[in-house]
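Counting with this note's numbering, you get residues 466 to 736 for the letters of the sequence shown. In this text, a Cβ means the ideal position worked out from N, Cα and C, and glycines have one as well. Encoded as structure tokens, the structure appears first; notes follow it.
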Amino acid sequence: MALKTLLGIKRQGFFIPHRYCNELPITGTLPEYSALNKIFLKSHETQLGFIKQINSYADDLKFENVVSPPGPRWHQTWFPRLDGASAYTIVRKQRPSKIIEIGSGHSTRFMAQAIKDEGLNTELISIDPEPRASISELKVRSEKITLDKVDMSMFETLKENDILFIDSSHIMMPGTDVDFLFNRIFPIISAGTLIHIHDIFLPHDYPLEWSWRNYNEQQAVGALIQGGNFEIIFSSQYTLTNFTKELHQGPISQIHLPDDSYETSLWLKKN
């Protein structure tokens, strides 16, 4: 892959020369982002309130007997425990009329189940060339294309309490889906739109074992949050670190969490 990219045969990634790269700290060794932590501190009441909402669906979150599509299941590492529970909860509580999902699979199953259980008429749109779990049996409009080929006016139809759900490449480079989302789509979506971004560890660094992935999406997310136009609703990683007691008073303690899985959902609201 690297050789084909460097020789210009076929682009299969990014090679970015940096004169002092060998002297820089590697991913997983960076200290906490202190300015971001102060913003997360201000979201405590909101996040605690959201945990109570999750707890209110204790009986409905018992998916352990569902082992095959199209239903959600906990025995998978792509979208585990707290991520699945938070997506299910926010769909039922906010009752969106439309969800646009960039990157689909297990998350789609959780949201489709929430739509069904709440009796909603939500339009669920998936944009993903290759969903990571089968969604063909779900009531989903599946667009198997990359984001750059989507008509941007689709995102202008999102209204208050609608959802823009993101779990895509996690790479912020010119022309990538993350570039399109942050610099073309976020500016045009309506105030009150709910935004989900996956694999976010803020206010902490990515884990050391992910250093080979070279993800840089959360650096853009950090700047987005500090800009003041997006409110933190819920963060899986932050609540796991700061609200363990509150989480384990509800159904989370009873839900299976596979080994080597990370719970990393971040939910924001555009002001």
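Between I660 and L733 a beta carbon distance of about 5 Å is seen, short of the 8 Å cut, so the two are scored as contacting.
At a Cβ-Cβ threshold of 9 Å, T511 and E696 count as neighbours.
Distance between L673 and T704, taken at the CA atoms: about 20 Å. Here the alpha carbons of L495 and F479 stand approximately 22 Å from one another.
Look at W539 here: in three-state DSSP terms it is coil, with no helix or strand label.
At a cut-off of 3 residues, the continuous stretches assigned as beta strand (DSSP E) that sit fully inside the stretch 538 to 601 are 563 to 567 and 588 to 592.
Nearest to F630 by alpha-carbon distance, out of F575, E497 and D725, is F575. Separation of H663 and T542 (C-alpha to C-alpha, rounded to the nearest whole angstrom) is 13 Å.
Looking only at D670, D525 and I590, the smallest Cα-Cα distance to P561 is reached by I590.
Beyond the five residues adjoining it in sequence on each side, V643 comes within less than 8 Å, by CB distance, of S633, S634, H635, I636, M637, E682 and A685 in the same chain, given in chain order. Under the three-state reduction of DSSP, H661 is assigned to strand. Inter-residue distance for K624 and R484 is about 45 Å (C-alpha atoms, whole angstroms). Judged by DSSP in its simplified three-state form, S700 adopts strand. As a beta-bridge residue in DSSP terms, R606 pairs with I590. Counting the other Cβ atoms within 10 Å of the Cβ of P639 gives fewer than 16, which makes it exposed.
Around the beta carbon of W539, a 10 Å sphere encloses 16 or more other beta carbons of the protein chains shown; the residue is thus reported as buried. When secondary structure is reduced to three states using DSSP, L646 falls in the helix class.
Per DSSP, K527 lies in no alpha helix (DSSP H) and is assigned neither H nor E. Considering only V556, I504 and K469, the residue with the shortest C-alpha distance to G692 is I504.
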